[in-house]
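A quick write-up on the structure given underneath.
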Amino acid sequence: MPEYPVWKAQQEPQLPPSEGELRISVISSVGMIPIKNATVTISYTGDPMPPLMTLTTDESGQTPPVMLPAPDVEYSLEPEQLVQPYSEYNIEVTAQGYEPVLVSGTEILPHVTAIQPISMNPLESSQQEEDIFIPEHTLYGEYPPKIPEDEIKPMDESGEIVLSRVVIPEYIIVHDGVPSDSSAQNYYVRYKEYIKNVASCEIYATWPESAIYANILVIMSFTLNRVYTEWSPSQ
């Protein structure tokens, strides 16, 4: 919803609107091949019609970078802000020989670049294409509190194996639910992709570089602890 200017006895100089950069990368789900000449349509999530712009991918499956309106940077730098610190956009992608894709809720922060990867299934593929809805950022949305854990954990429970050395894996298993939910699905995710995705969900790219580094180190330390102790499978 647009904000209207407040007029005073003497109008203050108006600052230029905040913008963030968006780049979109489109590949095939089979072979990770870049998709050339894919049509990419960008619109506001809350008001998708009419679209804001339509782009075409190049030989590398990339769109040219575009600048999109975003809230002022101060909203993502102050804790407990009531104003959503990012804007949300829908991205629709179509390409000859592929199932269409809709990504709803791509988040754009001011003064930084957002890279949205999109994978498309070939028409002959048996895999059904599903729309992707990105939930609210964990720093802004309301989510259940973290399940409390003992700071010092017992090391003699059955089924637990402590590795002889710290290992940085190529893949990790992500359990899509609480540890006690055996019906939740497990996914194999590349370690680097997992760290990147968790960081994108838990911090804002507008933060000072030192704060971003510190938070990523915490995410890596926590993840490797889970791998090293195999704590989650033991639960």
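All you need for the working numbering is the position in the sequence shown, starting with 1, plus 272. We put the CB at the ideal spot given by N, CA and C, even for glycine.
So is asparagine 362 buried or exposed if we call it buried at 16+ other beta carbons inside 10 Å?
buried
Between valine 384 and valine 499, what straight-line distance do the alpha-carbon atoms span, to the nearest angstrom?
32 Å
Valine 450 burial status per 10 Å Cβ neighbour count (16 or more: buried):
exposed
Per DSSP, glutamine 334 is paired with what?
Ser297
Could you say which of Glu346, Ile390, Arg462 lies nearest to threonine 335 if we only look at CA atoms?
Ile390
Could you name the residues of the same chain whose beta carbon sits closer than 8 Å to that of serine 301, not counting the 5 residues immediately before and after it, in chain order?
Ser391, Met392, Asn393, Pro394, Ser397, Gln399
Methionine 492 vs isoleucine 467 beta-carbon contact at 8 Å:
yes
When the distance is taken between beta carbons, is glutamine 356 closer than 8 Å to proline 343?
yes
If you scan the region 420-496 from start to end, which runs of the alpha helix (DSSP H) of 4 or more residues do you find wholly inside it?
463-474
Could you pull out every residue in the same chain whose Cβ sits closer than 6 Å to the Cβ of leucine 374, ignoring the five residues on either side in sequence?
Glu364, Asp403
Who are the Cβ neighbours of alanine 310 in its own chain at under 8 Å, not counting the five residues just before and after it?
Val298, Thr328, Thr329, Gly333, Val365, Thr366, Ala367, Tyr370, Met392
Extent of the continuous alpha helix (DSSP H) run through leucine 349:
346-349
Helix, strand or coil at valine 312 according to DSSP, with G and I counted as helix
strand
Rounded distance between the beta-carbons of leucine 340 and isoleucine 305, thought under 8 Å
Between leucine 340 and isoleucine 305 the Cβ distance is about 27 Å, and since that is not below 8 Å, they are no contact.
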